[in-house]
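Take 0 as the starting number for the sequence shown in numbering that gives the first Met the number 0 and just add one per residue.
Even for Gly, the Cβ is constructed at its ideal location relative to N, Cα and C.
From a predicted model like this one, the values you see are computed outputs, not experimental measurements.
Reviewing the structure listed below.
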Amino acid sequence: MKEISLDNTSRKDFHQFMLGSVIPRPIALVGTISRYGVPNLAPFSYFNAVSSIPPVLMFSLSRKGIKGNKKDTLLNIEQNPEFTVNMVSYPQVWPMVLSSVEFPSDVDEFKKSGFSPLESKYISPFRVKECLIQFECKLREIKELGENTHDCTLVFGDVVCLHVDESILTESNRIDPFKLDITGRLGKEYYARIAPESIFSIQMQTNVMPTGYDLLPEHIKQSEILTANEIGRLAAIPLEIYEKYYQSFQNKIKKTSENLSLNHHAVREALLTSDDDKAMSLIFDL
Numbered sequence: 000m001k002e003i004s005l006d007n008t009s010r011k012d013f014h015q016f017m018l019g020s021v022i023p024r025p026i027a028l029v030g031t032i033s034r035y036g037v038p039n040l041a042p043f044s045y046f047n048a049v050s051s052i053p054p055v056l057m058f059s060l061s062r063k064g065i066k067g068n069k070k071d072t073l074l075n076i077e078q079n080p081e082f083t084v085n086m087v088s089y090p091q092v093w094p095m096v097l098s099s100v101e102f103p104s105d106v107d108e109f110k111k112s113g114f115s116p117l118e119s120k121y122i123s124p125f126r127v128k129e130c131l132i133q134f135e136c137k138l139r140e141i142k143e144l145g146e147n148t149h150d151c152t153l154v155f156g157d158v159v160c161l162h163v164d165e166s167i168l169t170e171s172n173r174i175d176p177f178k179l180d181i182t183g184r185l186g187k188e189y190y191a192r193i194a195p196e197s198i199f200s201i202q203m204q205t206n207v208m209p210t211g212y213d214l215l216p217e218h219i220k221q222s223e224i225l226t227a228n229e230i231g232r233l234a235a236i237p238l239e240i241y242e243k244y245y246q247s248f249q250n251k252i253k254k255t256s257e258n259l260s261l262n263h264h265a266v267r268e269a270l271l272t273s274d275d276d277k278a279m280s281l282i283f284d285l
């Protein structure tokens with residue numbers, strides 16, 4: 000594999016490798032307000048929730064230009080320690096991109112991007128009306144990652160209120176990812192759309208001891224038919240199911256290539272129907 004470090008790569012190129020590797024990144028459309036009362040909007044993809052209790056969001060800002068001047072977002076938060084975070088769905092992609100332009104500090108990005116300002120309940124910066132999820136945050140901490148003027152700054156905010164559009168809630172009062180149509184940032188000019196066809200579920204019983212990869216028979220570990228995901232799925236089957244069939248079949252194992260091929264295809268079919276019991280019985284039924 001190619002080895003990449005700051006010793007053999009320029010900061011600019013290393014930045015692009017970082018952007019292209021940690022993907023997709025959620026986009027925080029951050030709303031602030033200057034001490035002169037000018038609203039500001041800017042998107043940041045070095046962003047995430049870092050805690051639920053207490054509820055805390057974090058995003059990272061770089062500096063502007065050769066001199067490394069602070070961005071308006073950071074200046075505004077330093078002067079008025081409040082901000083909104085608005086989640087970007089696919090219908091808001093182009094207005095979001097418009098808001099990323101470095102307009103003069105006296106320009107209202109809501110007007111430039113076409114977003115509608117929505118008054119917040121607990122803080123002064125506006126929310127973005129078009130966004131389906133909106134956070135109101137009060138500054139917890141600003142942390143500089145280095146002394147260089149071009150090093151990044153982390154901003155942590157305590158969530159004082161979360162607004163969720165009722166159209167994306169399920170009957171059980173949870174956010175429906177199929178309705179959110181969220182957008183993520185990739186490397187270079189690329190973005191990702193979390194569309195329904197790209198969403199899948201994994202139901203893992205974390206309070207039940209799994210079989211584990213190490214206990215699977217060698218013919219399963221070395222299978223040329225089963226994928227790594229399918230083998231991992233077998234390893235996740237509860238240990239009690241493994242022990243039941245291991246005791247029953249450990250004296251029956253007869254390894255022939257024909258048996259293995261048929262067996263592994265049958266295991267795959269059992270996994271596709273989420274029949275853990277049958278899948279585990281089959282790996283010993285040779």
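Residue i to residue j span [Cα, whole Å]
i      : j      : result
Ser4   : Val21  : 16 Å
Val96  : Pro42  : 8 Å
Cys160 : Glu101 : 28 Å
Val106 : Arg126 : 17 Å
Ser280 : Val49  : 42 Å
Lys142 : Tyr45  : 14 Å
Cβ distance (whole Å) where residue i is taken to contact residue j below 8 Å
i      : j      : result
Leu168 : Asp175 : 7 Å
Ser88  : Thr182 : 6 Å
Val158 : Val55  : 7 Å
Ile76  : Thr31  : 6 Å
Asn39  : Pro25  : At roughly 20 Å, the Cβ-Cβ gap does not stay under 8 Å, so Asn39 and Pro25 are not in contact.
Pro209 : Ile236 : 7 Å
Met86  : Phe155 : With a Cβ gap of about 18 Å, Met86 and Phe155 do not count as contacting.
Ser287 : Glu81  : One cannot answer for residue 287 here, as it falls past the ends of the chain, which runs 0 to 285.
Gln133 : Thr83  : 6 Å
Ser222 : His264 : Not quite, the Cβ-Cβ distance comes to about 10 Å (not below 8 Å), so this is no contact.
Local conformation of residue i per DSSP, three classes
i      : result
Glu135 : strand
Met17  : helix
Met279 : helix
Asn147 : coil
Phe58  : strand
Lys63  : strand
Opening and closing residue of the beta strand (DSSP E) in which residue i lies
i      : result
Asp157 : 152–163
Phe82  : 81–86
Asn7   : Element bounds for Asn7: n/a, residue is neither H nor E.
Ser50  : 46–51
Ile22  : Run containing Ile22: none; DSSP gives neither H nor E here.
Boundaries of the alpha helix (DSSP H) in which residue i is found, first to last residue
i      : result
Pro94  : 92–98
Asn172 : Premise fails: Asn172 is in no alpha helix (DSSP H) and is neither H nor E.
Thr72  : 71–78
Asn228 : 227–234
Ile122 : Counting along the chain, Ile122 falls outside any alpha helix (DSSP H), and DSSP gives it neither H nor E.
Leu179 : 176–179
Proximity winner among the options, relative to residue i (alpha-carbon distances)
i      : options                        : result
Asp150 : Thr205, Ser33, Lys63           : Lys63
Ser61  : Met279, Glu146, Leu215, Arg267 : Glu146
Glu129 : Ser112, Phe43, Lys137          : Ser112
Ile224 : Pro94, Arg267, Ile240, Ser51   : Arg267
Asn79  : Phe283, Met17, Gly36, Arg192   : Gly36
Ser197 : Pro23, Phe13, Lys1, Asp12      : Pro23
Lys120 : Ala265, His162, Asp284         : His162
Ser59  : Leu153, Glu229, Thr205, Leu238 : Leu153
Tyr244 : Arg10, Gly67, Pro103, Ala278   : Ala278
Near the ligand SAM: residue i beta-carbon under 8 Å from a heavy atom
i      : result
Leu138 : Looking for the ligand SAM in the displayed structure turns up nothing, as the structure carries no ligands at all.
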